[in-house]
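Asker:
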Ligand SMILES: C[S@@+](CC[C@H](N)C(=O)[O-])C[C@H]1O[C@@H](n2cnc3c(N)ncnc32)[C@H](O)[C@@H]1O
């Protein structure tokens with residue numbers, strides 16, 4: 039099968055052909071400026087910028103789904119959870135809001151190692167993006183194309199009673215979308231109405247990882263969704279009230295995930311030329327599940343079950359010296375309860391192999407641990423446990 043996140047493959051499939059590579063570089067930089075500055079929506083209606091988006095952002099955003107699934111797999115009973123999720127998704131209605139060139143539709147279908155028998159609903163306002171997504175779907179998943187429907191706005195789904203009554207499990211997915219619409223009150227309302235009317239079994243969001251987005255958007259959307267009373271958060275933690283482990287006192291230690299990008303040489307060459315390093319991908323993912331699932335899928339109970347084990351999620355690396363490693367962790371010591379810990383791990387207690395593995399872990403990864411002792415300055419000395 040053709041590799042979806044390969045620059046070379048995508049180059050053949052974008053709807054606009056660049057005659058000069060430097061024009062592509064220029065467009066990638068324009069997009070980047072747009073995403074880090076005052077966001078304008080025009081890019082998604084411009085043929086050239088949609089091609090640049092597809093060539094530069096699709097490969098890495100595509101990888102984020104896979105990386106998220108790998109992080110979920112690290113959880114307690116993670117393998118079992120992934121299998122259940124796949125079994126459920128096989129027949130589900132997957133609704134991708136702000137699908138762009140089909141980034142996450144492709145990622146989702148690629149992740150399913152079985153034929154997809156469900157339905158896809160892509161919501162995308164721009165016909166240029168929709169055409170690009172259709173072309174990519176046709177190339178990579180021609181058999182699924184018959185089960186795909188494209189609409190221009192989320193409100194269309196809310197009023198179509200077929201979608202509301204559809205008995206399939208529903209997965210409502212937002213990829214780099216909430217970040218785009220936050221602040222536009224009417225669109226925010228449409229999102230909340232869609233959640234209430236469609237009553238999806240799962241809600242996913244994957245958004246850019248910056249401290250500002252975490253505090254001003256992720257936590258705000260999370261509170262809104264939990265405030266409906268019908269949902270529980272199942273990733274990155276199972277806390278269902280305020281997240282206070284990453285408060286202002288823990289500056290720089292906000293919750294997000296980092297993964298290693300899987301992209302081909304062509305892609306790395308382009309990212310070097312535009313000076314945007316994408317070897318490591320930070321992202322901010324959240325998964326909610328409906329309390330009363332239409333499909334009887336029980337997962338947060340497994341995740342939150344109090345088996346006495348202590349797990350710490352890496353928020354930040356503070357460094358390493360001759361004596362040890364220093365990290366900041368979000369620790370779940372008791373069911374549904376999380377605390378912010380600054381920890382040290384002494385090297386003399388670790389094997390060489392263990393140290394190598396410790397150096398390879400990334401922000402957002404989990405470390406099972408035991409407390410050696412609480413130090414006078416409030417930090418904890420910990421010993422990792424049962425790892426790998
Ligand atoms: C940043 S792109 C994300 C594309 C894709 N999900 C990804 O992660 O690569 C956001 C997309 O949302 C679309 N969009 C923004 N507001 C929208 C709205 N109100 N209704 C439908 N689509 C919208 C834009 O046209 C754009 O294609």
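Residue numbers (the numbering used here): 39 to 426.
Virtual Cβ for every residue (Gly too), placed ideally from N, Cα, C.
Since the model is a prediction, treat every value here as computed from it, not as a measurement.
For the alpha helix (DSSP H) that residue 323 lies in, which residues bound it at each end?
Answerer: Here residue 323 belongs to no alpha helix (DSSP H); instead the beta strand (DSSP E) covers 318-328.
Asker: Would you be able to state if there are at least three C-beta pairs under 8 angstroms between the stretch 350-365 and the stretch 373-382?
Answerer: Short answer: they touch.
Asker: State buried or exposed for residue 164, treating a residue as buried only when at least 16 other CB atoms are found within 10 Å of its CB.
Answerer: Buried, because 16 or more other Cβ atoms sit within 10 Å of the Cβ of residue 164.
Asker: Is it the case that the stretch 44-63 contacts the stretch 100-115, given that we only count it when at least three CB pairs across the two stretches are under 8 angstroms?
Answerer: Too few Cβ pairs lie closer than 8 angstroms, so no.
Asker: Quick one: grab the DSSP three-state call for residue 210.
Answerer: Correct three-state label for residue 210: strand.
Asker: Please say whether residue 328 and residue 274 have beta carbons closer to each other than 8 angstroms?
Answerer: Not a contact, by the Cβ cut-off of 8 angstroms.
Asker: Is residue 291 helix, strand or coil by DSSP?
Answerer: Residue 291: coil per DSSP, three-state reduction.
Asker: Using only alpha-carbon positions, find the residue among 212, 111 and 394 that is nearest to residue 133.
Answerer: If we check each option's Cα against that of residue 133, 212 comes out closest.
Asker: Only counting the same chain, and skipping five residues up and downstream in sequence, which positions put a Cβ closer than 6 angstroms to that of residue 190?
Answerer: For residue 190, where only same-chain residues beyond five positions count, the Cβ hits under 6 angstroms are 163.
Asker: Give the range of the beta strand (DSSP E) segment to which residue 413 is assigned.
Answerer: Residue 413 -> no beta strand (DSSP E), and no H or E assigned at all.
Asker: So residue 160 is in the beta strand (DSSP E); what residue range does that whole segment cover?
Answerer: Segment 157-161, the beta strand (DSSP E) holding residue 160.
Asker: To the nearest angstrom, report how far apart residue 15 and residue 112 are at their CA atoms.
Answerer: Outside the displayed span of the chain (39 to 426) sits residue 15, for which this structure offers no information.
Asker: Rounding to the nearest angstrom, what Cα-Cα distance links residue 78 and residue 70 in this structure?
Answerer: Approximately 11 angstroms, taken between the alpha carbons.
Asker: Would you check whether ligand 1 has a heavy atom nearer than 7 angstroms to the C-beta of residue 79?
Answerer: Yes; taking the cut-off as 7 angstroms, the Cβ of residue 79 has a heavy atom of ligand 1 nearer than that.
Asker: Quickly, what does DSSP pair residue 131 with across the bridge? List them, please.
Answerer: DSSP, once it has assigned bridges, lists 157 and 208 as partnering residue 131.
Asker: Shortest alpha-carbon distance to residue 366 belongs to which of 404, 360, 150 and 183?
Answerer: Measuring from the Cα of residue 366, the nearest candidate turns out to be 404.
Asker: Regarding residue 314 and ligand 1, is the C-beta to nearest heavy atom distance less than 7 angstroms?
Answerer: Answer for residue 314: no, Cβ out of range of ligand 1.
Asker: For residue 406, does the three-state DSSP call read helix, strand or coil?
Answerer: The answer is strand: DSSP assigns residue 406 an E or B state.
Asker: Could you pull out every residue in the same chain whose Cβ sits closer than 7 angstroms to the Cβ of residue 149, ignoring the five residues on either side in sequence?
Answerer: Excluding residues within five positions, the ones whose Cβ falls inside 7 angstroms are 103, 104 and 107.
Asker: Can you give me the start and stop residues for the alpha helix (DSSP H) that residue 378 sits inside?
Answerer: No alpha helix (DSSP H) holds residue 378; the beta strand (DSSP E) holding it covers 375-384.
Asker: Are the CB atoms of residue 192 and residue 166 nearer to each other than 8 angstroms?
Answerer: Not closer than 8 angstroms, so no.
Asker: Does the distance from the CB of residue 67 to the CB of residue 312 come in under 8 angstroms?
Answerer: Yes, the Cβ-Cβ distance between residue 67 and residue 312 is below 8 angstroms.
Asker: Where does residue 140 fall in DSSP's three states?
Answerer: In this structure, residue 140 counts as coil in the three-state DSSP scheme.
Asker: How big is the Cα-Cα spacing for residue 398 and residue 91?
Answerer: Cα-Cα distance, rounded: 30 angstroms.
Asker: What residue range is occupied by the uninterrupted beta strand (DSSP E) comprising residue 351?
Answerer: Per DSSP, residue 351 belongs to the beta strand (DSSP E) from 348-358.
Asker: Can you tell which of 136, 168 and 195 has the C-alpha that lies nearest to the C-alpha of residue 215?
Answerer: When only C-alpha atoms are compared, the closest one is 136.
Asker: Pick from 194, 129, 387 and 421: whose alpha carbon is nearest that of residue 185?
Answerer: Nearest option by C-alpha distance: 129.
Asker: Does the distance between the C-beta of residue 161 and the nearest non-hydrogen atom of ligand 1 fall short of 7 angstroms?
Answerer: Yes.
Asker: Round the Cβ separation of residue 93 and residue 49 to the nearest angstrom and send it over; I've been treating them as touching at under 8 angstroms.
Answerer: Confirmed, Cβ separation roughly 7 angstroms.
Asker: Once DSSP output is grouped into helix, strand and coil, what is the label at residue 42?
Answerer: Three-state result, residue 42: coil.
Asker: Kindly examine ligand 1 and report whether one of its heavy atoms sits closer than 7 angstroms to the Cβ of residue 142.
Answerer: Checking every heavy atom of ligand 1 against the Cβ of residue 142, one is found closer than 7 angstroms.
Asker: Quick one: what does DSSP say residue 85 is sitting in, helix, strand or coil?
Answerer: Note: residue 85 maps to helix in three-state DSSP.
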